[in-house]
Each structure stands twice: as C-alpha cells, then as structure tokens.
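Student: Read in order, the letters of the sequence shown correspond to residues 687 to 1170 in our numbering. Handing you this structure, nothing more for now.
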Amino acid sequence: MVSRVIPVDDFDLVIFGGTGDLARRKILPGLFRRFRTGQMPADSRIIGAARSELDDAGFRDLVREAVEEFGGEEKSDTQMLDQFLERLHYIAIDATGEDGWAALRDLMRDGVVQAFYFSVAPSLFGDLAERLHDHGIATPDSRIVVEKPFGRDLASAQALNATLAEHFDERQIYRIDHYLGKETVQNLMAVRFGNVLFEPLWNSHYVDHVQITVAETVGVGGRGSYYDKSGAMRDMVQNHLMQLLCLIAMEPPSVFGANEVRDEKLKVIRALQPVESHHIVRGQYEADGESPSYRADVENQRSFTESFVAMKCHVSNWRWADTPFYLRTGKKLKGRASEIAVVFKDLGHKMFEGDTARHRNILAIRLQPNEGIDLQVTIKEPGPGGMRLIDVPLDMTFADALGEDAESATDAYERLIMDVIRGNQTLFMRGDEVEAAWAWTDPIIEGWEARNDVPKLYDQGSAGPEDSMMLMHRDGRRWREIKG
Ligand code: BG6
C-alpha cells in the first residue's frame, strides 16, 4: 500500500520535561518512529529542556536508552537511531527562574515551525508561558502543547485557560487527549461519515443504547499520589470517555475542520443531562493475595477515591432522546479492553417461524487490543435443517485488513505531535470544550463529597462491582463481556 502522509515543514520542537516519564515512554520513541519512516524533515530538531544538568551528549544517551526500553521493533535499526540522535539538543532550564532561557532563545531558529511541549506539572504552565514570552522566544506563530490533567474542576481549568491566554491565542494552544490520536477513534469518524450505511440509523429510532468501556488490567502503579486526588472520574471520564461519547453522539460537521468538529463536540457536552446519583456506581479494588488493595497502592488507608466508575448518561437532544449511553472504566479489571458498542434495536416483527431469539445488530469499535471494528449481523445457520438464524460478526481487524501497514500504524502521541507541526487542531481539545466537560463533571464529584460516598469494593480481575451490572440489568440490558 502506498503511504500518503501529509509532509510537514522543518521544525524545532522543545520538550519541557524532556527527561521525564512521558517524554521517555511515548514522545521520544514516537518521534524516532516518525524519523525512521522519513516523516521528519531533514533539518528538524528536538530540544530537550529540563532541570537536570545534562549536555547534548548526555541527553542523547538518555534518549537512546528510552528508545531501547520503550521502542518497538524499530529500535534494532541502530544506524537510523544514531542519525536521529544527531537531531537532538538539550538545554538545562529553570522553569521558575531565569537560568537557561537566554541559551534557549539563542538556539531557536527563525523560519521553521516552533512548538513547545509542556510535559510538566500544570502548576508550571504559567511560568513557562510567561518566560517564553518575556525572553522573546515565542512568536505569534509558535505552538504550545499541554497535557492532561487540564485542571481538576471547572474553576482550575478556567484559571489555566486564562493563564495560557495571557500569552497565547487559542489557535496556538494544543490540549492533548491521547485518545483522540488512537487509530480506531479516528476511524470511528471515517465509519460514521464516510459510509452511507450507518448515518441514517444513527439515532434513537434505531439505536437502543451505546456502551463505552475502557477497562485496564493495571493498577495505579507509581502514580498513587496523583491518582488518589483524581480518581477514575477525573482521570478518565472527564476527558477520554467524554471525547469518545462526543464522537459517537455529535452531528456531522459541515467539513472535517478543527473548529467545525469541536463545535459539534461542544454541543454534545452541553446537551449532557446531569447524572442522577443512582445512575452511577463507584468502585475500589480489593487486595488479592499478594496483590495489594487500591488503598495500599495509594498509601492511604482511608481513601474513598474510585478506581472504577460506571454510569448511565443521557444526551438531551433531538437525535438521542431515549437512547442511554452507558460508560464504564476501571483499573485492575479482568482484561485490557476498550471498546465502543452501538447496540441497535430489535426487529419489530419476527417473520421466521420458530425464531424466538433476540437478534441484534451491534457495531463494536475496538480501540485496544486488536484495533478494529466488527458488526454483528444475523444470518441463516449454514447447512440443512430449515431457517435457523444465528448472529455472526463481520470482523474487520485492522491488522488483518491492512497487513504491514497496520504493523507500522502510529502511536497516538506521535500522530498528535505531527498534527501540531502541521498546525491541525482537529484532534485537540479547545478551551471551551474542556471547561464544559468539567461543568458537567463537577456536580457529580461534589455530590460524592457532600455525601461522603463510599466506593463499592470489587475483586481484582473482575468486571467491577456487582452494582455496575445492576445498572444495566435494571434496564433489561447487559454489559458486553470484557475479554481478558
Ligand atoms: C491516562 C490515564 O490518561 O490514560 C491513565 O491518566 C490511564 O490512568 C491511561 O492508564 C490509559 O491510556 P491507554 O492509552 O493505555 O488506554
């Protein structure tokens, strides 16, 4: 298959927090993959900026180790890795002081795209923005990239937006939600808006309900102190699950443009009804033999933070009235499985004699693992014996369908970084979207706090607390299985 990648201009990408975890795990190995496939223009440079006293050689060593530890099969291409490392530079910088800023200014070039990735704590966003401005480094065309958590409630998100807006226009700000960079998430839009088949059925006349599941097998790892102040609601629902819901529920934008897409997503968030407390289940994982409990993992024996949440939501508009959206996400569950399932309604009339089964078309969009889409359809069971019906999946696993191209499918981060360089904001969250998402989330969290809500305990390796099953059963529905 011929690769048709939109070329990018030469760039200088500065990564603040360039020696940090995200840079080592995702950003730098991802950029190497892009370099190796010839998608990074020859004169482009990556400049690590962090507090450590390193020089270019020390930073290159660190990046080599990061690629060896976190890279894929491309890491064996040592010749290319050497060439990539030559593109790297390093400046020791004090985000809250003055050291290093003059050196950074001297290093930056005119006439290339300038992007600054703030891979640091949000408390430093203001300091960085101010210094980039005061030292004459940022230009009106520079771009900044910021990571979640973007605030922890509406007030803090508004304050962050206001801080950034002091020095940068909205068109310069790229708020990353890495779920939007996943291959299948973009495919969701292609399937919806690129086929005649689905859009006529994409409404509450035909769709019984939608399920969005993001199940993880990992626990909170070494991020306990951050996570215990967030919980699944802030860490996953306010951003990743909300974005998935928006892409499913939004109206077709007139063109696939940054503001057109984001306008439509914003309308969905604003149409979300407040969630009633009996439509939400929170959970926390228990100890399991050697494997510690959530509370032990976060070193807070009195924690009431949720590591699991399931809820039923309604998008209150013409298209979706009466179609519930069920969301669930959690850690230490039985499988790493993320999918969106659009479950269509039953046929009104059964014409095949003796067929009493419930046949449902289900469009399942698998984000991970085995990225792909399958459509459950009803057919005649092959062979003799009359007209017996069975449900079978029409499976399109991308790896099967695309062969080698799927192998080289890019990771979310590298795709999004290249979009920054191209100046394409479609897959980034706009400030008003983030604020609207918090405005919907805040009352839910405040309700829990006011009631001292205690999460239900669940077994590690399960599908979450029993009550989350009841959330569905009460409505005569059930969750799709989380496959291990
Ligand atoms: C991050 C959350 O945004 O997404 C983590 O902070 C979570 O808690 C991660 O584990 C999941 O991302 P992915 O791409 O592995 O599904």
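No residue lacks a Cβ here, since even glycine has one placed at the ideal position from N, Cα and C.
If we count Cβ pairs, one from each stretch, closer than 8 Å, do we get three or more for the region 850-862 versus the region 816-834?
Tutor: Enough Cβ pairs lie closer than 8 Å, so yes.
Student: Are H844 and E1121 close, meaning C-beta to C-beta below 8 Å?
Tutor: What sits at residue 844 in the sequence shown is Gln, not His. Yes, the pair counts as a contact, with Cβ atoms nearer than the cut-off.
Student: Please determine whether the Cβ atom of Q872 lies at a distance below 7 Å from any heavy atom of the ligand BG6.
Tutor: No - the ligand BG6 has no heavy atom lying nearer than 7 Å to the Cβ of Q872.
Student: Answer yes or no: the CB of D1145 versus the heavy atoms of the ligand BG6, is any distance below 7 Å?
Tutor: Outside the cutoff, so no.
Student: Can you determine whether any heavy atom of the ligand BG6 sits closer than 7 Å to the C-beta of S989, and answer yes or no?
Tutor: No, Cβ of S989 sits at least 7 Å from all heavy atoms of the ligand BG6.
Student: Short check: CB of P1141 to CB of G969, under 8 Å?
Tutor: In contact: P1141 and G969 (Cβ atoms closer than 8 Å).
Student: Does G908 come out as helix, strand or coil in the three-state DSSP assignment?
Tutor: Looking at G908 - three-state DSSP - the assignment turns out to be helix.
Student: Compare the Cα-Cα distances from V1038 to each of L866, M922, R1074, F756 and report the closest residue.
Tutor: Sequence inspection shows Phe at residue 1038; the Val mentioned does not correspond to that position. Of the candidates L866, M922, R1074, F756, the one whose C-alpha sits nearest the C-alpha of F1038 is R1074.
Student: I need the boundaries of the alpha helix (DSSP H) containing H1159, first residue and last residue.
Tutor: Taken as a continuous stretch (DSSP letters only), the alpha helix (DSSP H) holding H1159 covers 1152-1159.
Student: Can the beta-carbon of P715 be found closer than 8 Å to that of A743?
Tutor: Not closer than 8 Å, so no.
Student: In angstroms, rounded to a whole number, what distance separates the CA positions of F745 and H775?
Tutor: Using only the alpha carbons, I get a separation of about 7 Å.
Student: Which two residues bound the contiguous alpha helix (DSSP H) that contains I859?
Tutor: Counting along the chain, I859 falls outside any alpha helix (DSSP H), though it belongs to the beta strand (DSSP E) covering 859-861.
Student: Determine the extent of the beta strand (DSSP E) in which V882 is found, giving its start and end residues.
Tutor: Taken as a continuous stretch (DSSP letters only), V882 belongs to no beta strand (DSSP E), as it is neither H nor E.
Student: For W1126 and L771, I'd like the C-alpha separation in whole angstroms.
Tutor: If I take the Cα positions, the gap works out to 44 Å.
Student: K998 to L708, Cα distance in whole Å?
Tutor: C-alpha separation (whole angstroms): 32 Å.
Student: Pick out the complete alpha helix (DSSP H) segments inside the region 740-821, 4 residues or longer, and give them in chain order.
Tutor: The qualifying runs are 742-756, 764-771, 787-793, 811-820.
Student: Would you say the beta carbon of E902 comes nearer than 7 Å to a heavy atom of the ligand BG6?
Tutor: Within the cutoff, so yes.
Student: For a test of your reading of the model: does the CB of K921 fall under 7 Å from any non-hydrogen atom of the ligand BG6? Yes or no.
Tutor: The amino acid occupying residue 921 in the given sequence is Asp; Lys does not appear at that position. Yes, the ligand BG6 has a heavy atom inside 7 Å of this Cβ.
Student: Compute the Euclidean distance between the alpha carbons of A1085 and E1057, then round it to the nearest angstrom.
Tutor: The alpha-carbon atoms of A1085 and E1057 are separated by roughly 8 Å.
Student: Per DSSP, A736 forms a beta bridge with which residues?
Tutor: Paired residues: A778.
Student: Let me know the beta strand (DSSP E) ranges lying completely inside the region 932-1010, each 3 residues or longer, listed in chain order.
Tutor: Listed in chain order, they are 966-971, 994-1000.
Student: Using 8 Å as the threshold, is the C-beta distance between V694 and F802 below it?
Tutor: No, the pair does not count as a contact, with Cβ atoms beyond the cut-off.
Student: Measuring CB atoms only, is the region 1019-1039 touching the region 943-958, in the sense that at least three cross pairs come out at less than 8 Å?
Tutor: Output reads no: the region 943-958 does not touch the region 1019-1039.
Student: Exposed or buried, what is V831 when buried is set at 16 or more other beta-carbons lying within 10 Å of its beta-carbon?
Tutor: By the 10 Å Cβ count, V831 comes out buried.
Student: Should S1024 be counted as a contact of the ligand BG6 given a C-beta to heavy atom distance under 7 Å?
Tutor: True, at least one ligand heavy atom lies under 7 Å from that Cβ.
Student: Measure the Cβ-Cβ separation of A736 and G706 and say whether it is below 8 Å.
Tutor: A contact, by the Cβ cut-off of 8 Å.
Student: Please list, in chain order, all residues of the same chain as M1082 whose beta carbon is under 6 Å from its beta carbon, the five residues on each side excluded.
Tutor: Only G1058, I1059 meet the Cβ criterion.
Student: Count the other CB atoms, across all protein chains shown, that sit within 10 Å of the CB of N925; report buried if there are 16 or more and exposed otherwise.
Tutor: Under this definition N925 is a buried residue.
Student: Spatial neighbours of V906 within its chain, please: C-beta separation below 8 Å, excluding the five flanking residues on both sides.
Tutor: Y913, D914, Y980, D983, V984, S993, K1017, listed in sequence order.
Student: Quick one: residues in its chain with C-beta nearer than 7 Å to the C-beta of M794, no 5 flanking neighbours on either side, listed in chain order?
Tutor: Counting only Cβ-Cβ distances below 7 Å, and skipping sequence neighbours, we find D698, Q800, I823.
Student: Among the residues of its own chain, which have a CB less than 8 Å from the CB of E902, if the five just before and after it don't count?
Tutor: Cβ neighbours of E902 beyond the five flanking positions: T1015, G1016, K1017, K1018, L1019, R1022.
Student: Note the first and the last residue of the continuous alpha helix (DSSP H) segment covering Y1099.
Tutor: Start and end: 1098-1108.
Student: Which of the three DSSP states, helix, strand or coil, is assigned to D1139?
Tutor: Looking at D1139 - three-state DSSP - the assignment turns out to be coil, as it is neither helix nor strand.
Student: From E1167 to L1013, what does the alpha carbon distance come to, in whole angstroms?
Tutor: Rounded to the nearest angstrom, the two C-alpha atoms are 14 Å apart.
Student: Can the beta-carbon of F854 be found less than 8 Å from the beta-carbon of A815?
Tutor: Their beta carbons are under 8 Å apart, which means F854 touches A815 by this criterion.
Student: Ends of the alpha helix (DSSP H) at P1079?
Tutor: P1079 -> not in any alpha helix (DSSP H); beta strand (DSSP E) instead, spanning 1075-1083.
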